[in-house]
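Just so you know, the sequences run in chain order A, B, C and D.
For the first sequence, the working numbering gives the first residue as 20, with consecutive numbering after it.
For the second sequence, the working numbering gives the first residue as 20, with consecutive numbering after it.
For the third sequence, the working numbering gives the first residue as 20, with consecutive numbering after it.
For the fourth sequence, the working numbering gives the first residue as 20, with consecutive numbering after it.
Here's the structure we're looking at; comments come further down.
4 protein chains.
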Amino acid sequence: LLVTDPLRVGVVGLGRLGRIHAENIKNRTRALELVRVADTLEEVARSAAAQLDVPWSTHFDDVLCDAEVDAVVIVTPTPLHASMIEQASAAGKHIFCEKPIAQDIESAKQAVEAAQRSGVQLQLGFHRRFDPDWAAAMRRIEAGELGQIYFFRSTLRDMEPPSLDFLRDSGGIFFDMMIHDFDVARWMVGEVIEITACGAAIADPRVAEFNDVDQGIAVLRFANGALGVIDVSRSAGYGYECATEIVGSRATVRIAHGQRFNVEWLTPGASTTDYAAGFLERFPQAYLLELEDFAAAVRDGRPVRVNGHDGIGALNLAIAADRSRAEKRAVPVAPIQ
Amino acid sequence: LLVTDPLRVGVVGLGRLGRIHAENIKNRTRALELVRVADTLEEVARSAAAQLDVPWSTHFDDVLCDAEVDAVVIVTPTPLHASMIEQASAAGKHIFCEKPIAQDIESAKQAVEAAQRSGVQLQLGFHRRFDPDWAAAMRRIEAGELGQIYFFRSTLRDMEPPSLDFLRDSGGIFFDMMIHDFDVARWMVGEVIEITACGAAIADPRVAEFNDVDQGIAVLRFANGALGVIDVSRSAGYGYECATEIVGSRATVRIAHGQRFNVEWLTPGASTTDYAAGFLERFPQAYLLELEDFAAAVRDGRPVRVNGHDGIGALNLAIAADRSRAEKRAVPVAPIQ
Amino acid sequence: LLVTDPLRVGVVGLGRLGRIHAENIKNRTRALELVRVADTLEEVARSAAAQLDVPWSTHFDDVLCDAEVDAVVIVTPTPLHASMIEQASAAGKHIFCEKPIAQDIESAKQAVEAAQRSGVQLQLGFHRRFDPDWAAAMRRIEAGELGQIYFFRSTLRDMEPPSLDFLRDSGGIFFDMMIHDFDVARWMVGEVIEITACGAAIADPRVAEFNDVDQGIAVLRFANGALGVIDVSRSAGYGYECATEIVGSRATVRIAHGQRFNVEWLTPGASTTDYAAGFLERFPQAYLLELEDFAAAVRDGRPVRVNGHDGIGALNLAIAADRSRAEKRAVPVAPIQ
Amino acid sequence: LLVTDPLRVGVVGLGRLGRIHAENIKNRTRALELVRVADTLEEVARSAAAQLDVPWSTHFDDVLCDAEVDAVVIVTPTPLHASMIEQASAAGKHIFCEKPIAQDIESAKQAVEAAQRSGVQLQLGFHRRFDPDWAAAMRRIEAGELGQIYFFRSTLRDMEPPSLDFLRDSGGIFFDMMIHDFDVARWMVGEVIEITACGAAIADPRVAEFNDVDQGIAVLRFANGALGVIDVSRSAGYGYECATEIVGSRATVRIAHGQRFNVEWLTPGASTTDYAAGFLERFPQAYLLELEDFAAAVRDGRPVRVNGHDGIGALNLAIAADRSRAEKRAVPVAPIQ
């Protein structure tokens, strides 16, 4: 791979986010080149390929065997992540994989070790780390501007829930949604030593049938003594919201809900602004920048910014939260060996 | 008048603002005491007096002859201001008078001189100087935080126009509305040496019948070299707005549109906040604080903060704006002798 | 008591908030009349009385025996509240008492019953219910605009902690601070059936010496199925913050952090606004309105808006939070008999 | 030109904005392809070409003679615009040209006619029309949501002025800066029939040496009866600001100053946010979208969204403003024949 060449990738899994990744690679950056796409559903693969003007297939193997492919972007359902990472590692392809890395620690560890043995890069899709707002805040935190951290808060809310079918296979709210906030917590504040979590199936009680909730809360105790609260919702109604706040001894930082447009409509007595309705509206740049940074890491041979251990770390917190919710008590978080 | 006693006042003119002044004095402060009220309409005077539990009359003389009255609060129509100031001066009563002080410079000067001769205090009702927002900004301006001033802007908008009858006798938009912004300009930036103004009768073309407009703009050139723009509207529709901005070499200050409540309603895609609908909602404190400061000035024998010369200064700008609008050219502002 | 007369009150306990209550009654309202003040420290009582121009004493009995006194405003340390309510009840005085009503349920019940037996009114000092922002939100909630409630959040933060001496006797963060949020939770959402709480002594570890914390979190489960989170801090550093958010099926409402002035300072690259530094800056109106409403309830013989049972309800939640923190588990909230 | 192929362009003039256009074309879009770059300064052309990996030259002719070039992007100094449009037209190249189209109406007309005769597309660089904020507002205006328009305001401020050398050749503040706001006024409200303008050389009096100002104000009277105010500044100090407001009978719309990040820093008493420091931070998307739309118009054979007549219309207002400032009177705007 010459340093001036784009990273040639295949995108595997062409659901909503897979399509976004593929389109960004195709149209919005010279750092990556879209070589092929794959999805187990032929119709999905075929139509995406037509629009993007690249070859398609329904088998992951076709991507892995393509010598033109430097790296794979895995956007398939969670249960497939770990084994696909292992396969891609065996094929010598660099890997960008959506979260969570797996649904259990053992599988996650094996996947990470497979990538390490093969010497390929593995980056997890925690896109918030690349969003300009979170990145700007983190630069000032790293410069020490907050002082000692006392309190962390993160909120993640969808406007409307995905389908029940999706939810049934999602692994549950702590694994599918809150995992992003667990990553932000570890990234911005540090390791977590205790979690107390709970939830409620209130907007759509049917999620209780498969032991899930649509409102989840986790209280975190960090190794450095700080406390934290994460709240997530499948059904905020008013829109998508993703916000983080960190209170420190010297300053407090807030990353707020994003407006869709910087436009205010004033009608009698009321000022109205549009809010982002979903993650694609809130994070258009982050989804592009994380892939460009992955390409740069591969090209320059430097470590990726969100590696396999970060994937395991966040998964570990989701597992603890799930147990705390079941047992209605604080659960210590076991360090990863 | 003992220093610990409240200033005993009579309120004359019991329209909307006169009632506000009377109620503030009666219920919200110990610095003034409401002794009596007057209005030429007996019904108005009688009903206000009943609610406020004070004597009433329909003649200004009754107030002036009342030995219990230390000061008068004049909230009558503009054409009466100057002569009532002269009468009150002759009666030895301190005077708080709503703006504008008069409709021509000569009458205004005679009124101011009458008060000076009689040794009574005369304060004009430019309430914005006492509003906590403007006052906070002014403290920092006086401390030099803006550096050299480059640009001034002020906006004043009513949600809906007053009645055509009121407008017909109001003296015109520059005298009735923009006079507040002229005062703010002089207070915060300094003297004005040139005005270019224009207007349009667009929301209700009937105001053109008496040569008035319902949208007015004035461009100011200050003696210190700064430029300024004032825009006023009788019919902003969305609410009442009063806002000021000053751009300086070291900083810029903005005093913004006020929300009614610090509450945000989020519905699908939209965030809504309530805006103030009128001056009473925007300036509840300013209308109280200006009277308390007037009482304190009388009690302590110190100069009032908005004196008769400020009344003449603002009137002088209104007159120049009116001429500029008629002649479609920049008009130099003659200094007051 | 004639309906047109002010409610004559004695203020007992002249610390920071006691002085605010006394000054509001003296200077800012005609609905109450300050008849006398009392504090066990003679110097404190004497100086307040001199400034307010009323008699003083160091004994509560002097207030209770004063036939001119219709009602007492109790602003003494928490351990005294219950017994002073009983004494005032016995003396036939109406009672406005600061929170919390007591430190244990039994004492609180006896106090409430004493007031009921004597036929006097008892109102608790949960001022947020009277703040225009919370009140405006509540009116729309009561009109059903939120739909089904899913999630509640409340935040209460002091800029700097009180003295260690104050904290040692405060009863702990759940009783002294979070009790306000417990009341807001009950008022705006409904009864709570389970609490999970934790805390950390992080800004000043010395509070751990008397088993207190300076950061506290409580997760609430409401009887109607909603979840809630409250976070409080003694040391937010940046300022005082009091904010509430409620997510519902039809809308979400936010009551936000208050600015001190509606003024923005723009310097190179940065826009700065002032935030309120303490509860007196955030809630100037609420502290006045709660007393006026108390006076109106007494005058009109209607129920007060925050009664003794509300005091017990909030106390009950503080007790459950304290136990949850100690036992590191979810604690069911026993209904009050 | 096949519909699926990118538009192949040469960028001419590699100053700050020329480089931005070239980099956007190279790295951020598949709708255009960067074929070559040119600048009269060899060093500038050479270094840009090296970074962008395309051929360079110092002669416009080299670009015009290149059969691979479908269109030219002209980002040269204003005095060259009209003649370069004519040359490109003669060479059959489509044209994207930065504002203003010329410095006098006659040259502008000849340029527009040349493009028309040659059947090539000509688009002007009024990027605000493509910014998501302005575009979102305009969609709702076109849907009639404002009702009748009463008032228009637009503000454009640079943080720091360009060099005196640049200013000396810029054509003056009305031609170089306010021309953007003139275009927005025409686009969002309609034709202007009268202008009254003034200015001051206050931040740097040296601009007066070549009869320019660094603060400019123009008051507009629209054909539909609305009034408008534009204020521009070379030296706002606090940052770059570009904001527009339109007051209508049914609603008012505000497009506000943009934050750099959606991040708030809270320190004792103050909340601080970052503001955009320049047009590149404020309009990253607009500069990309205007070129993509130009490419789409060429590809689809549909009219461009900002054509040569829009260029002449804005220029006509700048000329009237300049005359008004000189003659200190309202100047009627002659319709373009």
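The C-beta atom is built at its ideal place from N, Cα and C for all residues, glycine as well.
Range of the contiguous alpha helix (DSSP H) that encloses residue i
i	result
residue 193 of chain C	192-195
residue 63 of chain C	61-71
residue 411 of chain A	Residue 411 of chain A lies beyond the residue range present for chain A, which begins at 20 and ends at 356; the question has no answer from this structure.
residue 131 of chain D	124-137
residue 300 of chain A	298-301
residue 161 of chain C	151-161
residue 165 of chain C	No alpha helix (DSSP H) holds residue 165 of chain C; DSSP gives it neither H nor E.
DSSP beta-bridge partners of residue i
i	result
residue 252 of chain D	D:176, D:234
residue 142 of chain A	A:115
residue 51 of chain D	D:26
residue 247 of chain D	D:171, D:239
residue 57 of chain B	B:31, B:76
Candidates the options: closest to residue i by CA position
i	options	result
residue 316 of chain C	C:130, C:99, C:58, C:142	C:142
residue 105 of chain D	D:39, D:79, D:310, D:85	D:79
residue 202 of chain D	D:91, D:324, D:29	D:324
residue 176 of chain A	A:207, A:123, A:65, A:297	A:297
residue 287 of chain A	D:267, D:287, D:276	D:267
residue 165 of chain B	C:284, C:320, C:112, C:122	C:284
residue 255 of chain B	D:197, D:35, D:171	D:171
residue 34 of chain B	B:275, B:220, B:231, B:67	B:67
residue 253 of chain C	C:229, C:221, C:264, C:280	C:221
residue 279 of chain B	B:210, B:292, B:242, B:273	B:292
residue 59 of chain D	D:84, D:32, D:49, D:355	D:32
residue 90 of chain D	D:98, D:184, D:81, D:96	D:81
residue 77 of chain A	A:311, A:61, A:152	A:61
residue 74 of chain B	B:38, B:29, B:108, B:96	B:29
residue 320 of chain C	C:101, C:138, C:125, C:38	C:138
residue 332 of chain D	D:312, D:270, D:211, D:37	D:211
residue 189 of chain D	D:257, D:97, D:227	D:97
residue 125 of chain D	D:117, D:136, D:102, D:146	D:102
First through last residue of the beta strand (DSSP E) which encompasses residue i
i	result
residue 264 of chain D	260-267
residue 294 of chain D	289-294
residue 93 of chain D	90-93
residue 84 of chain D	Where residue 84 of chain D is concerned, there is no enclosing beta strand (DSSP E), although the alpha helix (DSSP H) it sits in stretches over 79-84.
residue 285 of chain D	278-286
residue 212 of chain B	211-219
residue 323 of chain D	Taken as a continuous stretch (DSSP letters only), residue 323 of chain D belongs to no beta strand (DSSP E), as it is neither H nor E.
residue 273 of chain C	271-274
Distance between beta carbons of residue j and residue i, contact taken as under 8 Å
i	j	result
residue 349 of chain D	residue 348 of chain B	7 Å
residue 289 of chain D	residue 294 of chain C	7 Å
residue 3 of chain C	residue 54 of chain C	As displayed, chain C neither begins before 20 nor continues past 356, which places residue 3 of chain C out of reach and without an answer.
residue 249 of chain A	residue 195 of chain A	That pair is no contact at about 14 Å.
residue 235 of chain D	residue 192 of chain D	4 Å
residue 197 of chain A	residue 339 of chain A	Between residue 339 of chain A and residue 197 of chain A the Cβ distance is about 11 Å, and since that is not below 8 Å, they are no contact.
residue 238 of chain B	residue 92 of chain D	Contact flag wrong, Cβ pair sits at about 37 Å.
residue 208 of chain B	residue 245 of chain B	6 Å
residue 86 of chain C	residue 174 of chain C	With a Cβ gap of about 45 Å, residue 86 of chain C and residue 174 of chain C do not count as contacting.
residue 231 of chain D	residue 186 of chain D	6 Å
Beta-carbon neighbours of residue i, restricted to chain G and to distances below 9 Å
i	result
residue 277 of chain B	In the displayed structure, chain G is absent; the protein chains listed are A, B, C and D.
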